[in-house]
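These notes are about the structure you will find just below.
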Amino acid sequence: MTHANSPISPVIDDLWEHRTELSPRDQGARHHVVEAVDLLDTGTARVAHVDASTDEVVVDERAKRAVLLSFKVLEMTESQVGEFRYHDRTPLKKRLGGVRMVPGAIARWGSYLAPGTVLMPSFVNIGGYVDAGSMVDTWATVGSAAQIGRNVHLAGGAGIGGVLEPPNAAPVVVEDDAFIGSRAMVVEGARVRKGAKLGAGVILTKSTRVFDAETGDELPRGEAPAWSVCVGSTRVKKFPGGEFGLPCLLVLKRLPEGSGHDKLALNEILRDHGIAV
Numbered sequence: 001m002t003h004a005n006s007p008i009s010p011v012i013d014d015l016w017e018h019r020t021e022l023s024p025r026d027q028g029a030r031h032h033v034v035e036a037v038d039l040l041d042t043g044t045a046r047v048a049h050v051d052a053s054t055d056e057v058v059v060d061e062r063a064k065r066a067v068l069l070s071f072k073v074l075e076m077t078e079s080q081v082g083e084f085r086y087h088d089r090t091p092l093k094k095r096l097g098g099v100r101m102v103p104g105a106i107a108r109w110g111s112y113l114a115p116g117t118v119l120m121p122s123f124v125n126i127g128g129y130v131d132a133g134s135m136v137d138t139w140a141t142v143g144s145a146a147q148i149g150r151n152v153h154l155a156g157g158a159g160i161g162g163v164l165e166p167p168n169a170a171p172v173v174v175e176d177d178a179f180i181g182s183r184a185m186v187v188e189g190a191r192v193r194k195g196a197k198l199g200a201g202v203i204l205t206k207s208t209r210v211f212d213a214e215t216g217d218e219l220p221r222g223e224a225p226a227w228s229v230c231v232g233s234t235r236v237k238k239f240p241g242g243e244f245g246l247p248c249l250l251v252l253k254r255l256p257e258g259s260g261h262d263k264l265a266l267n268e269i270l271r272d273h274g275i276a277v
């Protein structure tokens, strides 16, 4: 649902109702859509945020609609960066003040990169939001509308999934001070809460079951708890054809609130549990 304080014009909602009729020939529609996506590009608007008073992820449906409409009203154009040529409806991002962007990194217009972010050769899609002090490491991906907090490290090859449809679907949210290990995948509206550390290769979806290794308690699905160290694991389930292991997320340890990205400490925790790092 579009939150009441959306900075995007309600004209976008009117255009959405007539989206099947739109094309790049509709200059008026294009003007409004470009204006809306520009708000995402500057960080004035964002697809989703965590409401501090309710701790719920609030989605600005109007922002998602603006992104989807851009695919309808923008023409395919050719662009060039050095010897590299592109042919797309969405141009590359140009607002990069205070951002360190290493050659090979790609950020599309309509994504937001706060000053102080670092992009190694990686990809940030339209609607993505990366807050200050975060690093998108080599070959990591921030999908459409994915929300990345402050001082987050997305390690090499980490995949943060995007979501624009269906309507009202919440995107992936990775909160402040989190660490996403190499080749980990966080998709389908899953949530990594503040300060959580995910080990290499973890797969976390909205429906992933989460267990506490010390108590055996089952925790809210699709969420890595705040200030915790989590790894991928399996749980045994019986089927007519036998017993099989289904993936789950295992919370190995709770961390003191405010713990930083101490990779040596994280590696020690994992080694103590016999997990390769």
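If you read the sequence shown in the UniProt record's numbering, its first letter stands for residue 1, the second for the next number, and so on.
The beta-carbon is built from N, C-alpha and C at its ideal position, and this holds for glycine as well.
It is roughly 45 Å from the alpha-carbon of residue 258 to the alpha-carbon of residue 14.
Between the C-alpha atoms of residue 213 and residue 100 there is a straight-line separation of about 39 Å. Residue environment: residue 78 is assigned as exposed (fewer than 16 neighbouring CB atoms within 10 Å of its CB, all protein chains considered).
Under DSSP, residue 212 shares a beta bridge with 251.
Residue 169 and residue 189 have their alpha carbons spaced roughly 7 Å apart.
With respect to residue 249, residue 215 sits apart: the two C-beta atoms are not nearer than 8 Å. The DSSP assignment places no complete beta strand (DSSP E) segment of no fewer than 3 residues inside the stretch 110-137. Residue range 77-81 is occupied by the beta strand (DSSP E) that includes residue 78.
Each residue's CA atom was taken as its position, placing residue 228 and residue 194 some 9 Å apart. One Cα belongs to residue 80, the other to residue 93, and the distance between them is close to 13 Å. The shortest C-alpha to C-alpha distance from residue 42 to any of 142, 6, 111, 256 is the one to 111. In the displayed model, residue 152 falls within coil according to three-state DSSP, outside both helix and strand.
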